[in-house]
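The next block holds one structure in the form of structure tokens; read it before the comments.
Number of protein chains: 2
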Amino acid sequence: MNVESYMIELGRAARAAARVLARAETRQKDAALTAMAAAIERQADRLLAANARDLEAAQAAGLSAALIDRLTLSEKTIAAMAEGLRQIAQLPDPVGEITDLKYRPSGIQVGRMRVPLGVIGIIYEARPNVTADAAGLCLKSGNAAILRGGSEAIHSNQAIAACVRAGLEAAGLPATCVQVVETADRAAVGQLITMKEYVDVIVPRGGKGLIERVTAEARVPVIKHLHGNCHVYVDDRADPDKALRIVENAKTQRYGTCNTAESLLIARGVAEALLPGLARMLTRHGVELRCCPQAMHILQQADIPGARLVPATEADWSEEYLAPILAVKVVEGLEAAIEHINTYGSQHTDAIVTEDYGRARRFLREVDSSSVMVNASTRFADGFEYGLGAEIGISTDKIHARGPVGLEGLTSQKWVVLGDGHVRV
Amino acid sequence: MNVESYMIELGRAARAAARVLARAETRQKDAALTAMAAAIERQADRLLAANARDLEAAQAAGLSAALIDRLTLSEKTIAAMAEGLRQIAQLPDPVGEITDLKYRPSGIQVGRMRVPLGVIGIIYEARPNVTADAAGLCLKSGNAAILRGGSEAIHSNQAIAACVRAGLEAAGLPATCVQVVETADRAAVGQLITMKEYVDVIVPRGGKGLIERVTAEARVPVIKHLHGNCHVYVDDRADPDKALRIVENAKTQRYGTCNTAESLLIARGVAEALLPGLARMLTRHGVELRCCPQAMHILQQADIPGARLVPATEADWSEEYLAPILAVKVVEGLEAAIEHINTYGSQHTDAIVTEDYGRARRFLREVDSSSVMVNASTRFADGFEYGLGAEIGISTDKIHARGPVGLEGLTSQKWVVLGDGHVRV
């Protein structure tokens, strides 16, 4: 069988399973999630054995240490996968929720009911735990899933998929509710992202290369997160202590995450007063500073021991370093900060540090990003921190879902109309 | 200048205008809407003169009477356009609304703010009133608009666009908030629907051909309404009187609208009792019935004078007649009705007539359409009837917006985070 017909077969099966899932009761979905978790724990040895095969192949192929790290399962990560599924089981079921049911002048009641999207395609790279995680989120939100993991994780993913299937069957749901693509052929992705009849949305999870490729070729809608160039703007009415704490946390708590700050903007009025202290703190963390001429001038005057100061180029304002590097720019004030963020930012997460009520209010309204913050670290942009319980990813798009996407982002709303023989006049 | 650079220029201007509009105050947008309405009334003679030029060309080109009808402006339609803009001014501003602002365990407050999508491209056919209507809805929702009407309406659209611009300028907003494409070159559409950097969403309004073409070629997300094959299912626990009233209204109130019923499903248990009465009523309205064998058998026995009974083919179950024709099928019961609707329907609007609580509940949950109704006519599926105030169209998609799309459907939500120096631990 060729890849195209194989994928269409998966698509058909997913479409049929989606219909069953859409009307499945909450307790049945939760039972499946709990059974999946139990199967993963029970089969921990098999998962480790399958993972060992992938790791062996990865080493033989000379894959990078970082990639091998992401690929590796341990007893701890296996326990975390099971725990993640149990947590999803505990979340409220979004499906079927009716909101805003109101009487209209015609006498009908009109409201909205939350419903699954249908079939979700997830395309991801090395991390095998995404298999369990994505399966759980799709299931709970009533969607059938077609999962396409990285070819380097194929044995691990298939072993996890077997546990997922066991859980579904134990709860009396079709095993086809979650299907893992079992071919490493790249054409499978091409087919998955273009077969509109069978797939309602694609969620790519991985590096920028993957996401750009998927977005360029997809004919199915994509919920995507391209990159994160997050800003902290220190206003001239910032509390210096909060500025220090927030910049430190936003930049240095973790360097590799998409909600890490990559650019610091500081108002001219406080640049001389605050920038040296900020730079000292960042230098202690080993952060290199890519400075605009004004920032460079101030920091050279400050003569900070060990400071790594590099002149910023135009490219620095758009860069997602994912590393101990921070772009630093002195701006005139709020207006210039907003303009800079809306021009160079990635519409991910941006924060202002200010005690000024009116400026906070303007920043929230005028910065066009999926998360806008006042006096809080950009690192908070996260499904768990926002109370979504779990996230399938972060969207930097505007259509359908923005920011952290949880169960609700995997659903839609239909209209419900209740009458008693009402007709339109 | 070639079409591509012309469109890119419109796109750039729209992007810049969108930034201004996103932060415009409600009263400024409302002032612009009111000024547009006044300009349209003031310039009624010019609009009629421009329209006369289009009509002359249309007649010379031998366009159909239906098309010429849609193209024609009158004093009445001009007054309705102005009134429509004033009504949009009265609607609450969706932009900036913050909902669900809650404290999280970390101490931050997290909520969502409604924001414009950015730049909206509207592609439509003969009706020039869409120019005013779409401009008004985009403006109120804080979006810049690029409008591409039918080439046959080009003079009318430009005359309306001049009034729109006058209104924007009177309120101190950039005239580029609403731009009308001034070339009849078809390549303009191709460029509009693929320039992702400048356009956030496309709303095609028109016939199925237009919508299919736009959807097939678009690289920008499309909010679309493909077709409406709406069903009324008369359950065996239906109130006969309500069934009669609802079927009559859903089928015969207007034949050409997308929320008109095109298929009648009736439970076997009541088919003999109710179908003849329904057929008599429909025959009085001159509706032809495309019957399944069982329905045909019952109706032939009933011997209804003047009844036009035609055996249904498989194609009839999917057809959108937009005419006095109704497909009629006897089904086993609720389960078969839901299965039929989910298989042949267009996910537009479907209604059940029943007094049975449990079946009503199942129908609402399990029918996968943008509007699902109990004991109400499908004709209610409409932005005004649902209380949206106005609609830009009806979406049969699941992503972003389903069913009637009003101002809210032209917006998105970003996350707002309020802290007081909070950092993530």
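First to last, the protein sequences are chains F and G. Taking our numbering, the leading residue of the first sequence gets 66, the next gets one more, and so forth. Taking our numbering, the leading residue of the second sequence gets 66, the next gets one more, and so forth. Note that CB positions come from ideal geometry on N, CA and C, so glycine has one too.
Sheet register partners of L212 of chain G (DSSP bridge): G:I187, G:V245
Of the residues G:A401, G:R310, G:D265, G:A402, the one placed nearest G186 of chain G, counting alpha carbons only: G:D265
First and last residue of the uninterrupted alpha helix (DSSP H) at K307 of chain G: 305-317
Along the chain, where does the beta strand (DSSP E) containing N440 of chain F start, and where does it finish? 436-441
Reduced DSSP category for I369 of chain F - H, G, I as helix; E, B as strand; rest coil: coil
Determine which residues share a DSSP beta bridge with S328 of chain G and list them. G:H296, G:A392
Using the beta-carbon count (16 or more within 10 Å), is P370 of chain F buried or exposed? exposed
So, helix, strand or coil for M361 of chain F, using DSSP? helix
At the level of alpha carbons, what is the spacing between Q256 of chain G and V68 of chain G? 8 angstroms
Output needed for G398 of chain G: all residues of its chain with C-beta closer than 6 angstroms, excluding positions within five of it in sequence on either side, in chain order. A332
Looking at C-beta atoms only, is the number of pairs between the region 127-141 of chain G and the region 85-97 of chain G that lie closer than 8 angstroms three or more? no
What are the partner residues of R177 of chain F, as DSSP defines its beta bridges? F:T164, F:W480
With DSSP as the reference, label T414 of chain F as helix, strand or coil. strand
Answer yes if the region 188-196 of chain F comes into contact with the region 443-455 of chain G, meaning at least three C-beta pairs across the two stretches below 8 angstroms, and no otherwise. no
Whole angstroms are fine: how far does the CA of L212 of chain G sit from the CA of I188 of chain G? 6 angstroms
Against chain G, does Y451 of chain F count as a neighbour if the rule is that its beta carbon must be under 8 angstroms from one of theirs? yes
Excluding the five sequence neighbours on either side, which residues of its own chain have a C-beta within less than 6 angstroms of the C-beta of A78 of chain G, listed in chain order? T241
Please identify the residue among G:I276, G:A235, G:E404, G:A89 whose C-alpha is closest to the C-alpha of V254 of chain G. G:I276
Examine chain G for any beta-carbon lying closer than 8 angstroms to the beta-carbon of Q318 of chain F, and answer yes or no. yes
Please list the terminal residues of the continuous beta strand (DSSP E) segment that includes T266 of chain F. Inspection of the sequence shows that residue 266 of chain F is occupied by Val rather than by Thr. That run of the beta strand (DSSP E) goes 266-270.
Would you mind stating whether C356 of chain G and V396 of chain G have Cβ atoms separated by less than 8 angstroms? no
My output table needs one value for L128 of chain F: the three-state DSSP class, helix, strand or coil. coil
So, does the CB of P305 of chain F fall closer than 8 angstroms to a CB anywhere in chain G? no
At a Cβ threshold of 8 angstroms, is R171 of chain G touching chain F? As written in the sequence, residue 171 of chain G is Ser, which differs from the Arg given in the question. Closer than 8 angstroms to some Cβ of chain F, the Cβ of S171 of chain G qualifies, so yes.
Under 8 angstroms by beta carbon: chain F residues contacting I464 of chain G: L182, D265, V266, P286, I464, H465, S477
C-beta neighbour in chain G for G342 of chain F, strict 8 angstroms: no
Distance, Cα to Cα, A200 of chain G vs A123 of chain G? 25 angstroms
Among residues of its own chain, excluding the 5 on either side of A115 of chain G, which ones have a beta-carbon nearer than 6 angstroms to its beta-carbon? H220, S221, A224
What does DSSP give as the partner residue(s) for V287 of chain F in the beta ladder? F:I267
In the DSSP assignment, find the unbroken beta strand (DSSP E) run with I459 of chain F in it and report its ends. 458-460
Please state the DSSP three-state secondary structure of A487 of chain G. It is His, not Ala, that sits at residue 487 of chain G in the sequence shown. Strand, per DSSP.
Quick check on G468 of chain F: does DSSP put it in helix, strand or coil? strand
Chain F contact residues for K167 of chain G, given Cβ-Cβ distances below 8 angstroms: G452
Is the Cβ of W480 of chain G closer than 8 angstroms to any Cβ of chain F? yes
Given a cut-off of 8 angstroms, decide if E385 of chain F and H296 of chain F are closer than it, judged by their beta-carbon atoms. no
If you follow the alpha helix (DSSP H) that L204 of chain F is in, where does it begin and where does it stop? 194-205
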